[in-house]
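2 protein chains.
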Amino acid sequence: MSGPPERVTIKDVAARAGVSKGAVSLAFNHKPGVSDATRERIFAVARELGWAPSATARSLSSQRVDIVGLALCRPARLLGIEPFYMDFISGIESVLADRSCSLLLRLVRDVDEEIALYRNWWRGRMIAGAVLVDFRQNDPRVPSLQAIGLPAVAVGHPSLTGSFPAVWTDDATAVGEAVRYLAALGHRRIARVGGPAELGHSAIRAEAFRSTVRGLGLEEGRQIATGFDEKEGARATRSLLLAADRPTAIVYDNDIMAVAGAGVAAEMGLVVPDDLSLLAWDDSQLCRITHPTLSAMSHDVHRFGAEVARVLFEVIEGTHTGPHQVPTPTLTPRGSTAPAPASHGRPA
Amino acid sequence: MSGPPERVTIKDVAARAGVSKGAVSLAFNHKPGVSDATRERIFAVARELGWAPSATARSLSSQRVDIVGLALCRPARLLGIEPFYMDFISGIESVLADRSCSLLLRLVRDVDEEIALYRNWWRGRMIAGAVLVDFRQNDPRVPSLQAIGLPAVAVGHPSLTGSFPAVWTDDATAVGEAVRYLAALGHRRIARVGGPAELGHSAIRAEAFRSTVRGLGLEEGRQIATGFDEKEGARATRSLLLAADRPTAIVYDNDIMAVAGAGVAAEMGLVVPDDLSLLAWDDSQLCRITHPTLSAMSHDVHRFGAEVARVLFEVIEGTHTGPHQVPTPTLTPRGSTAPAPASHGRPA
DNA sequence: AGTCGGATGTGAACCGGTAAAGCTCCGGTT
DNA sequence: AACCGGAGCTTTACCGGTTCACATCCGACT
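Line order of the protein sequences matches chains A and B.
Counting from 1, one number per residue, gives the positions in the first sequence under the numbering used here.
Counting from 349, one number per residue, gives the positions in the second sequence under the numbering used here.
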């Protein structure tokens with residue numbers, strides 16, 4: 001009956017409005033060269049026919065694309081639960097939407113797959129640029145992607161991101177603040193459950209933790225590197241709490257592990273925060289649904305994403321200036337941190 | 349120095365390989381018409397020059413796109429924390445990746461924006477099809493998107509999705525199972541904290557809950573509709589537990605609200621599961637990081653997403669057959685459900 | 001010897017836009 | 001009267017692929 005869809009093109013609009021394709025193009029791109037009357041007429045016809053310019057054709061001829069790419073490389077299981085990314089993505093989107101640009105998302109298994117993907121996307125002119133996350137030390141993406149000239153913004157400390165423009169938070173300072181806060185509460189044995197050792201920011205935080213602890217003259221705090229998920233967070237916590245000289249406070253590298261840690265504490269009969277203080281990172285709703293609520297190093301992740309997107313556009317347009325630091329995470333005390341228990345208290 | 353990027357095109361490859369554009373195209377699409385020797389040579393040159401066909405140009409001429417769209421309409425705050433979507437998306441991706449197809453993601457504020465977005469994407473030939481989620485009763489997307497002929501697969505009960513092919517889980521049966529399980533544990537006053545009333549599956553679950561409770565001769569169970577987030581989940585739980593005849597078991601419509609509910613119970617001095625049983629929905633890691641762990645109606649969300657993607661391809665290719673039901677969520681008992689407390693137990 | 005047919009390619013048209021040059025009026029200058 | 005400049009369009013040449021009708025060559029068959 002209706003046969004193939006027979007979709008309407010610029011030619012149909014032009015014919016119906018009694019003008020040339022060029023005129024329609026000018027009108028739709030809000031360029032001078034057509035009178036207001038004609039412009040109106042063209043729009044009316046377009047509306048009537050239900051026409052919108054083909055993004056494909058448009059970007060073929062204009063050599064511009066309004067899609068940016070994001071590849072996420074953590075295991076799906078983990079991505080699902082970590083609130084960080086969705087919030088981050090929504091921040092990116094908030095900026096993209098203004099420029100009616102869209103986000104191409106792909107979950108990949110490893111860095112090689114990620115590099116191959118970006119290469120295909122870029123060479124295939126599918127994306128105008130990309131957002132790179134989860135930098136490791138000597139990240140292989142830096143040379144590979146720089147070689148193909150992919151415009152990209154890197155989320156991570158400038159020391160890790162090569163010549164890609166970086167957007168980052170000052171994790172070192174934040175870790176310092178966290179430790180000083182706990183020390184002020186009288187804690188002298190503080191541990192840290194960190195992310196994977198290869199991840200660049202893990203190393204930065206670990207080093208900051210070590211130096212702050214030392215600077216304050218606290219006991220050398222144990223640090224455990226994990227895979228960022230709840231299982232490893234629980235295991236690390238258990239290991240810390242079973243040690244003879246168990247810590248009175250633990251700092252976590254994300255909120256999932258902190259929640260899991262709270263579960264372990266409960267399971268071992270320790271009362272949070274009386275017996276043990278817990279401090280999460282990447283504050284999200286997750287920290288507020290538990291009982292007690294979790295103190296955290298908060299972070300406006302949405303805004304972070306938005307800033308990343310803004311910088312990406314600068315890169316794409318070639319107007320990029322310097323590196324961009326976004327506000328340092330700040331401490332949000334809630335129910336999971338309290339003065340150290342008396343027996344472990346600060347010596348007079 | 350290097351001037352503009354000067355990206356390599358099919359013409360460069362053809363010239364270098366000493367053949368015509370057409371030959372290169374044939375070779376790259378694995379079509380007959382070029383000898384093996386020539387094909388090899390072309391591939392070698394392409395590799396040498398770092399060329400990949402432009403997706404833009406390719407889809408302009410072939411009239412096909414390898415991108416599918418997904419618009420998510422819940423508030424970002426909520427999306428971030430709800431593990432469901434990331435898991436769902438990763439399931440979709442697992443199928444898309446095989447066909448080297450990508451996912452275009454956008455977060456929207458409301459249904460109108462969503463409709464406008466899909467319309468633009470489709471008319472602009474940006475996507476080959478779309479995944480529609482969160483159906484409401486008399487969903488406005490059904491007429492609007494059907495009118496523009498968007499190929500799409502609907503996630504939701506067929507009674508809600510109009511003529512869009514549906515992929516759904518049998519929520520009614522699952523709710524029945526949940527209630528029967530609790531009844532078997534001796535609970536006679538069971539409540540339910542549901543999602544937004546407008547959402548189609550909320551209505552379906554509510555009705556199934558009502559009829560199962562009635563069928564088993566239990567007390568009429570209170571049901572509260574919420575906005576799906578942790579605040580409302582907590583509030584609803586509080587309201588249920590403060591009532592004179594408080595329930596001995598509560599069924600939640602997702603896992604976030606269940607976790608929040610557990611927090612409220614703790615805050616009110618009720619011990620889960622001794623005083624109160626809780627049952628979550630959309631089982632995710634979240635249910636395993638709390639203490640006690642949450643019993644839940646589990647659901648292979650990843651596989652669900654994969655099935656959705658498969659059906660979408662059928663729709664796009666016009667080979668779609670019947671509606672697709674994926675396995676009904678099954679009960680996964682954990683630490684948050686137990687026999688009803690004696691004082692509320694089943695009468696002899 | 002003549003022809004048929006498959007394998008291997010070529011060339012040009014086309015997809016649906018954009019961009020830049022060109023053409024036409026038309027009022028205002030010189 | 002000849003000239004100019006700008007507003008308002010039209011024409012035309014791309015963009016980088018795909019596709020299809022048509023050339024060419026070569027061995028085989030009658």
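Every residue, glycine too, gets a C-beta built ideally from N, C-alpha and C.
Small disclaimer: the values here were computed from a predicted structure and weren't measured.
- Per DSSP, reduced to three states, the secondary structure at Gly176 (chain A) is helical.
- Under the three-state reduction of DSSP output, Val479 (chain B) falls in the strand class.
- Remark: C-beta atoms of Leu452 (chain B) and Ser59 (chain A) do not approach each other more closely than 9 Å.
- A contact is defined here as three or more CB-CB pairs under 8 Å, and the segment 230-250 of chain A fails this definition with respect to the segment 200-211 of chain A.
- Listed in chain order, the alpha helix (DSSP H) elements of length 4 or more contained wholly in the segment 146-206 of chain A are 171-184.
- Residue A:Thr321 holds the alpha-carbon nearest to the alpha-carbon of Ala166 (chain A) among A:Asp229, A:Leu242, A:Thr321.
- Listed in chain order, the positions of the segment 273-304 of chain A with a beta carbon within less than 9 Å of a beta carbon of chain B are Ser284, Gln285, Leu286, Arg288, Ile289, Thr290, His291, Pro292, Thr293, Val301, His302.
- DSSP links Ile598 (chain B) through a beta bridge to B:Ala539, B:Leu626.
- Between Ile42 (chain A) and Ala23 (chain A), the gap from beta carbon to beta carbon is short of 9 Å.
- By the C-beta density criterion, Asp98 (chain A) is exposed, having fewer than 16 other C-beta atoms within 10 angstroms.
- Bridge pairing for Met126 (chain A): absent [DSSP].
- Residue environment: Asp593 (chain B) is assigned as exposed (fewer than 16 neighbouring CB atoms within 10 Å of its CB, all protein chains considered).
- For Thr332 (chain A), the enclosing beta strand (DSSP E) stretches over residues 330-332.
- By DSSP's assignment, Arg454 (chain B) forms a beta bridge with B:Ala419.
- Listed along chain B are Ala400, each with a C-beta nearer than 7 Å to that of Asn120 (chain A).
- Counting only Cβ-Cβ distances below 9 Å, Ile496 (chain B) has contacts in chain A at Gly50, in chain order.
- At a C-beta separation below 9 Å, Ala405 (chain B) has these neighbours in chain A: Thr56, Leu60, Arg125.
- Following the DSSP letters along the chain, one finds His672 (chain B) in no alpha helix (DSSP H) but inside the beta strand (DSSP E) bounded by residues 672-674.
- Listed along chain A, the residues sitting closer than 7 Å to Leu455 (chain B) by beta-carbon distance are Ser90, Glu93.
- One finds nothing in chain B with a Cβ atom closer than 9 Å to the Cβ of Glu314 (chain A); even the nearest lies about 17 Å away.
- Listed along chain A are His291, each with a C-beta nearer than 7 Å to that of Ala614 (chain B).
- DSSP places Ser438 (chain B) in the helix class (H, G or I) of the three-state scheme.
- Listed in chain order, the non-local C-beta contacts of Ala545 (chain B) below 6 Å within the same chain comprise Ala573, local neighbours out to five positions each way being set aside.
- Neighbours of Val607 (chain B) across chain A, judged by C-beta separation under 8 Å: Ile289, Thr290.
- At least 9 Å separates the beta-carbon of Gly472 (chain B) from that of Gln494 (chain B).
- Per DSSP, Ala400 (chain B) lies in no alpha helix (DSSP H) segment and is marked neither H nor E.
- For Ser373 (chain B), the uninterrupted alpha helix (DSSP H) run begins and ends at 369-376, by DSSP.
- In this structure, Leu564 (chain B) lies near Arg528 (chain B), with their beta-carbon atoms less than 9 Å apart.
- Classified as exposed, Leu590 (chain B) has fewer than 16 neighbouring CB atoms from the shown chains inside 10 Å of its CB.
- Judged by DSSP secondary structure, Ala265 (chain A) falls within the alpha helix (DSSP H) whose first and last residues are 255-267.
- Interface annotation, Asp360 (chain B): not in contact with chain A, CB-CB separation never under 9 Å.
- The beta-carbon of Tyr529 (chain B) is placed no less than 9 Å from the nearest beta-carbon of chain A.
- If you check the CB distance, Val413 (chain B) and Ile475 (chain B) come in under 9 Å.
- For Ala296 (chain A), the enclosing beta strand (DSSP E) starts and ends at 295-298.
- Interface residue (Cβ-Cβ distance to chain A less than 9 Å): Val479 (chain B) is not classified as such.
- The DSSP-derived three-state label of Ala591 (chain B) is coil.
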